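Notes follow once the structure below has been shown.
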Amino acid sequence: YSTVPKSSAWQKTDLTYRIINFTPDLPQADVEAAIQRAFKVWSDVTPLTFTRIYNEVSDIEISFSAGDHKDNSPFDGPGGILAHAFQPGNGIGGDAHFDEDESWTKTSQLYNLFLVAAHEFGHSLGLSHSTDPGALMYPSYSSTDPNAFQLPQDDINAIQYLYGKSSNPVQPTGPTTPTICDPNVVFDAVTTLRGELIFFLNRFIWRKHPQASEAELMFVQTFWPSLPNDIDAAYENPITEQILVFKGAKYTALNGFDVLPGYPRNIYSLGFPKTVKRIDAAVHIEHLAKTYFFVANKYWSYDEDKQQMDKGFPKLIRDDFPGIPEKINAALYYRGRLYFFIGRVQFEYNLNTKKIVQVLRSNSWLGC
Amino acid sequence: FPTDKQDAPTGTSEEMAENYLKKFYSLGTEGGPVGRKKNNRPFTEKLQQMQKFFGLKVTGILDSKTIEVMQKPRCGVYDVGQ
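Sequence order for the protein chains is A and B. Numbers in our numbering are just positions in the first sequence, counted from 1, shifted up by 4. Numbers in our numbering are just positions in the second sequence, counted from 1, shifted up by 57.
Here it is as structure tokens:
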């Protein structure tokens, strides 16, 4: 993270704000709620308080305008620059301006006002841009799930450097951004996607093209705005070209960028009993046209041709996959080998010989 | 599913990059006289600074990945201190 010097931050903790005008893109109440929530992001982790005032000049003046709005930093029409804010100070200091040429939303559609406002108020409080791609203060707009937003640890560290911690006895912590070389990485799910590999991890995916040396980190919602974070399992059926993504008792089908209509659906429609509340891992074995679903110490086999569960399942994992520990985090079938990801390690497994070929670190795919 | 753009940078891309670096990396706006420097190429230096900031491969060359990052919607505040 990066901030202004402490001496340039606000020298008081009780700050005021005023909404000068409103965007017509949203009902007024939604703008007010987004702004209020954006301030709360920062007040939750510091001693700062934000009070809305109406009839006099406040510390943080908030406005929507298009093009040249007389601050020597004109907006540039749709896209490009979305908003800007000034570091703490008198007059224009602390003020936040939003480009009225953008479409402001309260959903995952571009551009979510709460997410942009939370970022801009970071500047209003003295934070500069962060180089952490998972941080709120990263300069590019990140399509993340606004409903699941949690202030990342990098931003918490930045704001607490300037203003100290909140008085809350339980100090809030935030998510960190994974790195390629982190040996402790535990994937939520792994799948192929039209020749590429996709590793799901909290709110991120690592995207690895077989010819690229390194995997690329991005937010889940950058590709699929309506997908939740922290998914449980995923697999690709190369015949239908669909990716099925599981979370809890629901699953969603993806086709490339698109979430197919009619989803999410109930996993019980696939033939699971009601006792199954979530799936740990799923993997499609192409030459068998079967998909294996792993749940705790058991697994089910689903026949993709018949579109039904095979008879005689569930079976115990230890009976059919000797040596593979229970509670599988993710599974992948790639170039004739089956990979079980369990915690920080993965087991490369030969389906024909029913033997573990080797044990590797989970992150061996990412190009560290 | 998107593939990486393979198109070579055009004149428009260079113009766009120059504007981007002027806006967010103070290209050509440092105050005061600047001493003579061997191989002084401010565009390349600023481009490298930008590539380093965004975790891109630092080449000083306007490649497709760099252009892609420059075209992303973003906040209008400088990435580097003035």
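Don't be surprised by glycine CBs; every beta carbon is placed ideally from N, CA and C. Since this is a predicted model, take the numbers as computed values, not measurements.
Could you pull out every residue in the same chain whose Cβ sits closer than 6 Å to the Cβ of His213(A), ignoring the five residues on either side in sequence?
If you number the first sequence from 1, residue 213(A) lands on position 209. Glu200, listed in sequence order.
Pick from Ser67(A), Lys278(A) and Asn241(A) that is closest to Ile289(A), judged by C-alpha positions:
Translated into the one-based positions of the first sequence, residue 289(A) becomes position 285. Nearest option by C-alpha distance: Asn241(A).
When you check each C-beta in the stretch 130–148 of chain A against every C-beta of chain B, which residues fall closer than 8 Å?
So the close ones are Ser132, His133, Thr135, Pro137, Pro143, Ser144 and Tyr145.
From Ala219(A) to Ile57(A), what does the alpha carbon distance come to, in whole angstroms?
Against the first sequence, residue 219(A) aligns to sequence position 215. Against the first sequence, residue 57(A) aligns to sequence position 53. If you draw a straight line from the Cα of Ala219(A) to the Cα of Ile57(A), it comes to about 48 Å.
Partner residues on chain A for Asp136(B), Cβ-Cβ distance less than 7 Å:
As a working mapping, residue 136(B) is identified with position 79 in the second sequence. Those within 7 Å of Asp136(B) in chain A are His133 and Pro143.
Buried or exposed, going by whether 16 or more other CB atoms sit within 10 Å of the CB of Thr7(A)?
By one-based count along the first sequence, residue 7(A) stands at place 3. Around the beta carbon of Thr7(A), 16 or more other beta carbons sit within 10 angstroms, so the residue counts as buried.
Can you name the residues that DSSP bridges to Ile118(B)?
Counted from its first residue, the second sequence places residue 118(B) at position 61. According to DSSP, which records beta bridges pairwise, Ile118(B) is partnered with nothing at all.
Under 7 Å between C-beta atoms, does Gly133(B) make it to chain A?
As a working note, residue 133(B) is residue 76 in the second sequence. For Gly133(B), the answer is yes, since a Cβ of chain A falls inside 7 Å of its Cβ.
Rounded to whole angstroms, what is the Cα-Cα separation between Ile271(A) and Leu264(A)?
By 1-based counting over the first sequence, the position of residue 271(A) is 267. By 1-based counting over the first sequence, the position of residue 264(A) is 260. Ile271(A) and Leu264(A): Cα-Cα distance of roughly 16 Å.
Short CB-CB distance (under 7 Å) between Phe100(B) and chain A
To locate residue 100(B), count along the second sequence from 1; it is residue 43. It does not; no Cβ of chain A falls within 7 Å.
Quick one: which residues of the stretch 103–117 of chain B get their C-beta closer than 7 Å to a C-beta of chain A? List them in chain order.
Along the stretch 103–117 of chain B, the positions whose C-beta sits under 7 Å from a C-beta of chain A are Phe110 and Gly112, read in chain order.
Quick check on the DSSP output: what are the complete alpha helix (DSSP H) runs of length 4 or more inside the stretch 213–274 of chain A, in order along the chain?
The stretch 213–274 of chain A contains these whole alpha helix (DSSP H) runs: 224–227.
For Glu124(A), the first and last residue of its enclosing alpha helix (DSSP H):
By one-based count along the first sequence, residue 124(A) stands at place 120. Run containing Glu124(A): Leu117 to Ser128, per the alpha helix (DSSP H) assignment.
From the beta carbon of Leu355(A), is the nearest beta carbon of chain B less than 7 Å away?
Position 351 of the first sequence holds residue 355(A). Chain B contact via Cβ: absent.
What is the rounded straight-line gap between the Cα of Gln164(A) and the Cα of Pro92(A)?
Your numbering for residue 164(A) matches position 160 in the first sequence. Your numbering for residue 92(A) matches position 88 in the first sequence. Taking C-alpha positions only, Gln164(A) is separated from Pro92(A) by approximately 16 Å.
Min CB distance Lys129(B) to chain A below 7 Å
Against the second sequence, residue 129(B) aligns to sequence position 72. Any Cβ of chain A closer than 7 Å to the Cβ of Lys129(B) would place that residue at the interface, and such an atom is present.
Hey, would you say Phe43(A) sits closer than 7 Å to Phe54(A), going by beta carbons?
Here residue 43(A) corresponds to residue number 39 of the first sequence, with the count starting at 1. Here residue 54(A) corresponds to residue number 50 of the first sequence, with the count starting at 1. By the CB criterion at 7 Å, Phe43(A) and Phe54(A) fall inside the cutoff.
Under the assumption that Val287(A) contacts Ala335(A) (Cβ atoms under 8 Å), give the Cβ distance between them as a whole number of angstroms.
What you label residue 287(A) is simply residue 283 of the first sequence in a count that begins at 1. What you label residue 335(A) is simply residue 331 of the first sequence in a count that begins at 1. Contact holds; Cβ gap of about 4 Å.
Tell me which residues of the stretch 76–95 of chain A have at least one Cβ-Cβ distance to chain B shorter than 8 Å, keeping chain order.
Answer set for the stretch 76–95 of chain A: Ser77, Phe79, Gly83, Gly84, Ile85, Leu86, Ala87, His88 and Ala89.
Going along the chain, which residues of the stretch 235–264 of chain A sit with their C-beta nearer than 9 Å to a C-beta in chain B?
Cβ contacts with chain B: Gly260 and Phe261.
Closest residue to Ile24(A) among Asp159(A), Asn172(A) and Ser62(A) (Cα-Cα distance)
Taking the first sequence and counting its residues from 1, one reaches residue 24(A) at position 20. Comparing Cα-Cα distances from Ile24(A) to each of Asp159(A), Asn172(A) and Ser62(A), the minimum goes to Ser62(A).
Could you check the C-alpha separation between Asn151(A) and Ser230(A) for me, to the nearest Å?
Taking the first sequence and counting its residues from 1, one reaches residue 151(A) at position 147. Taking the first sequence and counting its residues from 1, one reaches residue 230(A) at position 226. Pairing Asn151(A) with Ser230(A), the inter-Cα distance amounts to about 11 Å.
Just curious, the beta strand (DSSP E) that Lys103(B) is in, first and last residue?
Residue numbering aside, residue 103(B) sits at position 46 when the second sequence is read from its first letter. It is not in any beta strand (DSSP E) - Lys103(B) instead sits in the alpha helix (DSSP H) that spans Pro99 to Phe110.
When you compare only the Cα positions, how much space is there between Ala238(A) and Arg269(A)?
If you number the first sequence from 1, residue 238(A) lands on position 234. If you number the first sequence from 1, residue 269(A) lands on position 265. CA-CA distance, Ala238(A) to Arg269(A), rounds to 14 Å.
Please return the same chain residues whose Cβ sits closer than 6 Å to the Cβ of Phe118(A), not counting the five positions on each side in sequence.
For the purposes of this step, residue 118(A) is taken as residue 114 along the first sequence, with counting starting at 1. Closer than 6 Å at Cβ, skipping near neighbours: Ala38, Arg41, Ala42 and Pro150.
Find the residues of chain B that neighbour His127(A), judging by a C-beta separation of less than 8 Å, and give them in chain order.
Along the first sequence, read from residue 1 onward, the residue named residue 127(A) stands at position 123. Under the 8 Å cutoff, chain B gives Cys132 and Val134.
Output yes if chain B places a C-beta closer than 7 Å to the C-beta of His123(A); else output no.
Residue numbering aside, residue 123(A) sits at position 119 when the first sequence is read from its first letter. So, interface residue.
Give every residue of the same chain whose Cβ lies closer than 8 Å to the Cβ of Leu292(A), excluding the five residues on either side of it in the sequence, and list them in chain order.
Stepping through the first sequence from its first residue, residue 292(A) is reached at position 288. Taking Leu292(A) as the centre and dropping the five residues before and after it, the same chain places no C-beta closer than 8 Å to its C-beta.
Could one say the Cβ of Leu78(B) lies closer than 7 Å to chain A's Cβ atoms, at least one of them?
Along the second sequence, one-based indexing puts residue 78(B) at 21. No - not a single Cβ of chain A is within 7 Å of the one on Leu78(B).
With distances taken between CB atoms, is the gap from Phe227(A) to Asp236(A) smaller than 7 Å?
The residue given as residue 227(A) occupies position 223 in the first sequence. The residue given as residue 236(A) occupies position 232 in the first sequence. Their beta carbons are not under 7 Å apart, which means Phe227(A) does not touch Asp236(A) by this criterion.
Let me confirm a value: Tyr353(A) is counted as buried when at least 16 other C-beta atoms fall within 10 Å, else exposed. Which label applies?
Position 349 of the first sequence, counted from the start, is the residue given in the question as residue 353(A). Buried, by the Cβ-count rule.
Cβ neighbours of Lys16(A) in the same chain (closer than 6 Å, five flanking residues each side left out)
Working through the first sequence from its first residue, we reach residue 16(A) at position 12. No residues qualify anywhere along the chain.
Give the DSSP-derived three-state secondary structure of Phe58(B) in the structure shown.
Here residue 58(B) is taken as the residue at index 1 of the second sequence, counted from 1. For Phe58(B), the predicted structure reports a pLDDT of 45, less than 50, and the residue's modelled location is therefore unreliable. A value from the coordinates is still provided. Coil at Phe58(B), not helix or strand.
Smallest Cα separation from Tyr267(A): which of Phe276(A), Lys278(A), Pro277(A) and Ala253(A)?
Residue mapping note: residue 267(A) aligns to position 263 of the first sequence, counting from 1. For the residues Phe276(A), Lys278(A), Pro277(A) and Ala253(A), the minimum Cα distance to Tyr267(A) belongs to Ala253(A).
Burial state of Arg322(A) (16 or more Cβ within 10 Å)
As a position in the first sequence, residue 322(A) is number 318, starting the count at 1. Exposed: under 16 other Cβ atoms inside 10 Å.
Please tell me whether Glu65(A) and Asp99(A) are closer than 7 Å, where the distance is taken between their beta carbons.
Position 61 of the first sequence, counting from 1, holds the residue named residue 65(A). Position 95 of the first sequence, counting from 1, holds the residue named residue 99(A). With a cutoff of 7 Å on beta-carbon distance, Glu65(A) and Asp99(A) are scored as near each other.
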